[in-house]
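Novice:
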Amino acid sequence: ASLHGVIPAAGTGSRMAADRPKQYLQIGGHTLLEISAQTLLRVPGMASLTIALHPQDDRARGLPLLQDPRIRFTVGGEERADSVLAALLAITGTEDDWVLVHDAARPGLPLAAAQRLIERVLAAGRGGILALPLVDTIKRADREGLIEATLERDRLWRAQTPQMFRLGELTAALQQAAASGQGVTDEASAMELAGHPVQLVPGSPANLKVTLPEDLALAAWYLGAKEG
Ligand code: C5P
Numbered sequence: 003a004s005l006h007g008v009i010p011a012a013g014t015g016s017r018m019a020a021d022r023p024k025q026y027l028q029i030g031g032h033t034l035l036e037i038s039a040q041t042l043l044r045v046p047g048m049a050s051l052t053i054a055l056h057p058q059d060d061r062a063r064g065l066p067l068l069q070d071p072r073i074r075f076t077v078g079g080e081e082r083a084d085s086v087l088a089a090l091l092a093i094t095g096t097e098d099d100w101v102l103v104h105d106a107a108r109p110g111l112p113l114a115a116a117q118r119l120i121e122r123v124l125a126a127g128r129g130g131i132l133a134l135p136l137v138d139t140i141k142r143a144d145r146e147g148l149i150e151a152t153l154e155r156d157r158l159w160r161a162q163t164p165q166m167f168r169l170g171e172l173t174a175a176l177q178q179a180a181a182s183g184q185g186v187t188d189e190a191s192a193m194e195l196a197g198h199p200v201q202l203v204p205g206s207p208a209n210l211k212v213t214l215p216e217d218l219a220l221a222a223w224y225l226g227a228k229e230g
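If you're matching positions, the sequence shown starts at 3 in the UniProt record's numbering and goes up one per residue.
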């Protein structure tokens, strides 16, 4: 089975309060999208990389680090899951190929973490995601903002990407989730809904998702490079 990469990069970055979608913010002179793509392309055996873009966006096509012949672009959708599904459908591969889905907004992914995920998934023969155990105590609130419960921290993890699944199973799971009207914010959620077991593999703090303006400086620090 071959290995493929997918990067959803069709978001508009509305939480970032920046002049452009966050995947086009820069660290060390390159966009977050380019840095994320470069890491996936360095994964041994990566056969193709499909990047989902906003329909009105073609700036990605001209970026210097996105000229690899393994890259192809597709048009993304309304939600992240729609963008991922569009990219999966554009892959030339077979049902039992593996696909690694990685957020454009996580430029700090260490290559070693991606390789750890691949090793564990291939060894177990079932899908998995990078994730980090929680360090904070987590509260669930009621509608008034009063604490309703304190959750059992030992069993709570923060999902990261890449998330790695069989191409056929993930495509079917995302189609099912879409048909059922269940919103999913990551690939694992769709797989869970479809009843597939998903394993957690230790990720890295460097692999944070750039969401708020201050995240960019932190991501740059992890990469040992300058913002911009
Ligand atoms: O908004 P959020 O932080 O969840 O976005 C995660 C990733 O999903 C980003 O790389 C963003 O560009 C992408 N995305 C997408 N299509 C959407 C919404 C988000 O590809 N409709």
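For glycine and all other residues, C-beta sits at the position ideal for the given N, C-alpha and C.
1. When you compare each of P199, Q184, A161, L124 to A83 by their alpha carbons, which one comes out closest?
2. Take the Cβ of L91 as the centre, count every other Cβ of all protein chains shown within 10 Å, and call the residue buried at 16 or more, exposed below.
3. When you measure from the CB of G205 to every non-hydrogen atom of the ligand C5P, does any distance come out below 7 angstroms?
4. Could you check if T33 is buried or exposed, using at least 16 other CB atoms within 10 Å of its CB as the buried criterion?
5. If we ignore side chains and look at the alpha-carbon of each, how far apart do E36 and L172 end up?
6. Looking at the strands, I want to know which residues DSSP matches up with R74.
7. Can you grab the Cα-Cα spacing for the pair D60 / D105, in whole Å?
8. Apart from the five residues on each side of it in sequence, which residues of its chain come closer than 8 angstroms, Cβ to Cβ, to Q117?
9. Can you tell me the Cα-Cα spacing of L114 and R168, whole angstroms?
10. From H6, L27, A3, pick the residue whose C-alpha is nearest to that of G13; which is it?
Specialist: Reading from the atomic positions:
1. Closest by C-alpha distance to A83, out of P199, Q184, A161, L124, is Q184.
2. Taking all protein chains shown into account, L91 has fewer than 16 neighbouring C-beta atoms within 10 Å of its C-beta and is therefore exposed.
3. Flag unset: Cβ of G205 not near the ligand C5P.
4. Residue environment for T33: buried (at least 16 other C-beta atoms within 10 angstroms of its C-beta).
5. Approximately 25 angstroms between the Cα atoms of the pair.
6. In the DSSP output, where bridge partners are listed per residue, R74 has T52.
7. Rounded to whole angstroms, the gap between the alpha carbons of D60 and D105 is 18 angstroms.
8. Non-local beta-carbon contacts of Q117 in its own chain, meaning distances under 8 angstroms to residues more than five positions away in sequence, involve V45, P46 in chain order.
9. Looking at the sequence shown, residue 114 is not Leu but Ala. Going from the Cα of A114 to the Cα of R168 covers about 21 angstroms.
10. Comparing Cα positions, the closest option is L27.
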